[in-house]
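Step one of this worksheet: look at the structure below.
2 protein chains.
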Amino acid sequence: MTERPPADTDTGPGTSARRRGRPKRAESADTRDRILTAARDEFSERGYEKTSVRGIAKAAGVDSALVHHYFGTKEQVFEAAITQSFGPALQAPKAIEEGPLDGVGERLARFFFGVWENPATRAPLLAIVRSAVTNETAAAVFRRIVATQVLRRIAVRLELPDAELRAELAAAQLVGTAILRYVIKVEPLASADPEQIIARLAPVVQGHLTDP
Amino acid sequence: MTERPPADTDTGPGTSARRRGRPKRAESADTRDRILTAARDEFSERGYEKTSVRGIAKAAGVDSALVHHYFGTKEQVFEAAITQSFGPALQAPKAIEEGPLDGVGERLARFFFGVWENPATRAPLLAIVRSAVTNETAAAVFRRIVATQVLRRIAVRLELPDAELRAELAAAQLVGTAILRYVIKVEPLASADPEQIIARLAPVVQGHLTDP
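Sequences listed follow chains P and Y, in order.
If you read the first sequence in full-length UniProt numbering, its first letter stands for residue 1, the second for the next number, and so on.
If you read the second sequence in full-length UniProt numbering, its first letter stands for residue 1, the second for the next number, and so on.
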């Protein structure tokens, strides 16, 4: 059975949300989460271009109109799915905020590989990277989220005139390593101990961010 | 009119190659090039998965059997197309061989961005990166070519026990920067002067390759 979008009139808290009335708050949050999980899986498996709102709705067991109701267009569903998948990675600025600036390279590298080494957080990241590399719309969404939520927040802390470029070149070292290790799987990098990689990259990230 | 694969018997140098006889050497090289160009365009536009030997043959105006005759399977056509597209990038080891080891970081960074800044060499590189990031077979072909033709040849020159890992982490900095600049187009990196980027990355690449 597929759920239909909630009607615009509230039929009161006692009414079953499975009929036409507005879902109760908890049930509404459940449905939203179910759609988001389905969206993430669909985007992961099929990539941005081949994923449709209809397919997401089907996987979540709801009506397409309900997906539009909660999220809007396919691009907006993708943005919501990225933001959710990126949840752990979006904590990166905290890694820079907590602690002294001269240990930031190691904290960021350790944080970054912690997210990538964990299979549960790696899968959605891989899906996002694949979509962003192959589709312009997905790239734009990815760019907006990474720029506003990660890079600029790191840059602000640096208080240097070229802070954003510094943050991006540091990110390039980390992202490039992730692509060669987890996507292209070049050896010996793909099998190297994460601690060895962190030890090599921490001073590079630190240098990009704080060297005069 | 589509060309058919050459028969196994040579009907002599005077016979028209457009009929059943083996093509003359020059014509055969032309056909091979035409197939390779068509393959590169098809892989660029459609990505690895959606490209077929039949589609490549059609674009080149030849019979599918002729594509198989010259290259073998779709994976082998892809490998040949990569090797051709990668022609300029495969010169990277020369950038390390020509000149002293202490200037290698700058030579490699300058060489790398020279290839990426040139629209003619950038387009096929983008196509390869997109295919390799989204398809396992394409990733395997890419990995084999980059590992054997670029990374290992750089590593040999270094004469250090962890030379391959060093070459890969240096490559990660360059590849990551290319992805953020040319694919995701994050600002200010996307619009930065290439000379500024080279100046920032040369010491990082140098450090990865030769720091104790």
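Just so you know, even glycine gets a beta-carbon here, dropped at the ideal spot from N, CA and C.
Quantities reported herein were computed from a predicted structural model and do not represent experimental measurements.
- Shown here for Thr37 (chain Y): same chain residues with a beta carbon closer than 8 Å to its own, the five before and five after excluded, namely Ala60 in chain order.
- For Val67 (chain Y), the three-state secondary structure derived from DSSP is helix.
- Put simply, the backbone Cα of Tyr70 (chain P) is about 7 Å away from that of Arg32 (chain P).
- In the structure shown, the three-state DSSP call for Val62 (chain Y) is strand.
- Following the DSSP letters along the chain, one finds Leu174 (chain P) inside the alpha helix (DSSP H) bounded by residues 163-178.
- Counted as a single uninterrupted DSSP element, the alpha helix (DSSP H) harbouring Arg157 (chain Y) occupies residues 152-158.
- Under the rule that a run must span 4 or more residues, the alpha helix (DSSP H) segments found entirely inside the stretch 69-96 of chain Y read 74-85.
- A Cβ-Cβ distance of about 4 Å is found for the pair Ala202 (chain Y) and Gly105 (chain Y), placing them in contact under the 8 Å criterion.
- For Arg153 (chain Y), same chain residues with a beta-carbon under 7 Å away, outside a window of 5 residues either side, are Pro93 in chain order.
- Residue state for Ile184 (chain Y) is assigned as coil, using DSSP reduced to three classes.
- Gly103 (chain Y) carries a helical assignment under DSSP once its states are collapsed to helix, strand and coil.
- Three or more Cβ pairs closer than 8 Å define a contact, and the stretch 172-188 of chain P meets that threshold against the stretch 122-130 of chain P.
- Non-local C-beta neighbours of Leu90 (chain Y) in its own chain, meaning closer than 7 Å and more than five positions away in sequence, comprise Gln149, Val150, ordered along the chain.
- If you draw a straight line from the Cα of Ile56 (chain Y) to the Cα of Glu117 (chain Y), it comes to about 28 Å.
- By the neighbour-count criterion, in which a residue is buried when 16 or more other Cβ atoms sit within 10 angstroms of its Cβ, Arg130 (chain P) is buried.
- In this structure, the beta-carbon distance from Ile197 (chain Y) to Thr210 (chain Y) does not fall below 8 Å.
- Any Cβ of chain P closer than 8 Å to the Cβ of Phe112 (chain Y) would place that residue at the interface, and such an atom is absent.
- At a C-beta separation below 9 Å, Gln206 (chain Y) has no neighbours in chain P, since its nearest C-beta there lies roughly 11 Å away.
- The beta carbons of Phe43 (chain Y) and Phe86 (chain Y) sit no closer together than 8 Å.
- Take the alpha-carbon of Glu159 (chain Y) and the one of Pro188 (chain P): they are about 16 Å apart.
- By the CB criterion at 8 Å, Gly47 (chain Y) and Thr137 (chain Y) fall outside the cutoff.
- Taking C-alpha positions only, Val62 (chain P) is separated from Asp30 (chain P) by approximately 12 Å.
- In the three-state DSSP reduction, Glu136 (chain P) falls in the helix class (H, G or I).
- Taking the Cα positions, Val204 (chain Y) is about 10 Å away from Gln173 (chain P).
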